[in-house]
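Some notes on the structure that comes next.
Here it is, written out as structure tokens:
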């Protein structure tokens with residue numbers, strides 16, 4: 001029997017990724033401009049504008065059965081207010097801890113009230129949890145009686161924004177046997193105008209995941225040339241990486257790929273892991289290596 005799918009509108013990338021994971025991407029009739037996974041270049045869904053500036057009149061014109069909105073990014077509150085005024089059926093996804101994020105597929109399935117999709121959501125949730133526990137068990141073997149690496153995630157370069165205690169990246173760190181260098185700061189994020197807080201945190205590893213910026217567009221020289229960067233241990237040990245923000249900055253099932261990638265990247269000293277293992281989940285950029293062929297860059301950075 002053919003399942004009759006509803007008409008769905010997704011208003012942010014993480015929601016689109018959840019809808020795809022549930023096998024519903026063909027039901028999407030409208031999507032925000034930033035949704036880039038899966039590849040929608042040949043998909044008939046209408047582009048509705050940036051996630052913070054959705055053209056609500058076009059959403060209305062699509063006559064959706066469900067609009068999946070989000071509060072994952074500051075500023076989305078205005079979009080929710082506009083959506084409420086339309087009278088369209090909608091749900092809001094607003095999870096920030098990893099355990100809650102794994103439940104978001106069930107929220108979408110419940111809103112659609114489709115038995116087949118609800119079953120798929122439960123299966124997906126169970127699979128994600130099993131993968132988490134497998135990584136956790138491996139990490140415990142690798143990190144026993146060892147000091148945990150401290151990781152600085154850079155969401156934005158100026159002013160600096162980085163995830164704090166109540167964000168999923170703190171949970172990701174705990175799972176893989178490392179620690180978020182700002183795990184003791186309450187809330188979703190910390191803000192640092194000068195880099196002084198990052199220097200004081202003394203991270204062993206730096207991961208640049210600039211929100212909304214494609215990985216290949218993050219400038220390696222700009223990343224390393226800020227005056228405070230050479231003061232952190234991650235610089236002297238050359239453990240600075242440019243990673244895909246799509247695997248770390250979005251509350252979607254793809255976070256699992258980020259967990260598995262970061263685990264392999266940060267535990268490459270183990271004889272059964274290598275950087276190639278980490279790159280199977282997506283490209284990893286090594287800014288020191290990228291600049292090694294540029295004498296001007298080397299002289300400027302004194303590396």
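In our numbering, the protein residues as written are 1 to 303.
We put the beta carbon where it would ideally sit given N, CA and C, even for glycine.
Predicted model only: the values in this text are computed from it and were never measured.
Asked: Under 8 angstroms, do residue 160 and residue 191 count as touching if we go by C-beta distance?; Found: yes
Asked: Reducing DSSP to helix, strand and coil, say where residue 243 ends up.; Found: coil
Asked: Which runs of the beta strand (DSSP E) spanning at least 3 residues fall entirely within the region 4-33, listed in chain order?; Found: 8-10, 28-31
Asked: Between which two residues does the beta strand (DSSP E) holding residue 153 run?; Found: 150-154
Asked: Do residue 65 and residue 7 have their C-beta atoms closer together than 8 angstroms?; Found: yes
Asked: Smallest Cα separation from residue 12: which of 156, 148, 154, 80?; Found: 80
Asked: Which partner residues of residue 161 appear in the DSSP bridge assignment?; Found: 156, 191
Asked: Can the beta-carbon of residue 125 be found less than 8 angstroms from the beta-carbon of residue 163?; Found: no
Asked: Throw me the rounded Cβ distance for the residue 106 and residue 121 pair, which I believe falls under 8 angstroms.; Found: 5 angstroms
Asked: When the Cα of residue 71 is compared with those of 83, 62, 63, 60, which residue comes out closest?; Found: 83
Asked: Taking just the CA atoms, how far does residue 249 sit from residue 166?; Found: 14 angstroms
Asked: Is it the case that the Cβ atoms of residue 59 and residue 10 are separated by a distance below 8 angstroms?; Found: no
Asked: Suppose the cutoff is 6 angstroms on Cβ atoms and the five residues either side in sequence are ignored; what does the same chain contact list for residue 143 look like?; Found: 177
Asked: Which of helix, strand or coil does DSSP assign to residue 202?; Found: coil
Asked: Among 19, 26, 39, 46, which one has its Cα closest to the Cα of residue 32?; Found: 46
Asked: Looking only at its own chain, which residues have a Cβ that is under 8 angstroms from the Cβ of residue 21, when we skip the five neighbours before and after it?; Found: 105, 124, 252, 253
Asked: Is it right to say residue 18 is buried, meaning 16 or more other beta carbons lie within 10 angstroms of its own, or is it exposed?; Found: buried
Asked: Taking Cβ to Cβ, would you say residue 127 is nearer than 8 angstroms to residue 153?; Found: no
Asked: With distance defined between alpha-carbon atoms, name the residue in 182, 283, 279, 55 nearest to residue 214.; Found: 283
Asked: Could you give the distance in angstroms between the alpha-carbon of residue 5 and the alpha-carbon of residue 110?; Found: 14 angstroms
Asked: Note down, in chain order, each residue of its chain lying with its Cβ closer than 7 angstroms to the Cβ of residue 15, except the 5 sequence neighbours on either side.; Found: 68, 70, 93
Asked: Find out if the Cβ-Cβ distance for the pair residue 203, residue 233 is shorter than 8 angstroms.; Found: yes
Asked: Taking only three categories from DSSP, how would you classify residue 73?; Found: coil
Asked: Find out if the Cβ-Cβ distance for the pair residue 52, residue 28 is shorter than 8 angstroms.; Found: no
Asked: Roughly how many angstroms lie between the CA atoms of residue 139 and residue 276, to the nearest whole one?; Found: 18 angstroms
Asked: For residue 261, count neighbouring Cβ atoms within 10 angstroms of its own Cβ and tell me buried if that reaches 16, exposed if not.; Found: buried
Asked: Residue 259 lies in the beta strand (DSSP E); which residues open and close that run?; Found: Careful: residue 259 lies outside any beta strand (DSSP E), inside the alpha helix (DSSP H) at 255-266.
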